[in-house]
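Residue numbers (this note's numbering): 77 to 225.
Here a beta-carbon is modelled for each residue, glycine too, at the ideal position from N, C-alpha and C.
A quick write-up on the structure given underneath.
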């Protein structure tokens, strides 16, 4: 079972307040709001139609997972993939003043208040940052430089 599947099932279970294995439309709306996903209330009928494909009034796990996978972001280039992973890691910052990360070129970033440019690459499945004469995993780099980690 891969990591994305586990995350989808965990989200489904979190939304399923009464633990009946399906999401009522109200449970779905409440779950979206509690998860902090910015969604205008006027969009809920459209979103619910996308998730409740059989129009049964409830959203089962298969419908839920299929809808999320239909709209999953899939980077087209290595540069998009790197940027997606860097932003995802930096977005975990919980400081009042967010840790800054600016892309200044293809796979080149400026982190925090540092003026130095860092080269970022993906090695196998790990996002790596060029530091000195070697490479360091992004999560270790951020642990060192992001004050809230």
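Judging by CA-CA distance, which residue of 195, 122 and 223 is the nearest neighbour of residue 170? 223
Cα separation between residue 83 and residue 106? 18 angstroms
Inter-stretch contact (C-beta, 8 angstroms, three-pair minimum) for the segment 154–161 and the segment 181–199: yes
Residue 120 versus residue 108 - alpha carbon distance: 10 angstroms
Relative to the C-alpha of residue 192, which candidate in 94, 207 and 182 has its C-alpha closest? 207
Can you list, in chain order, the residues of its chain whose CB lies under 7 angstroms from that of residue 91, leaving out five sequence neighbours each side? 99, 103, 104 and 107
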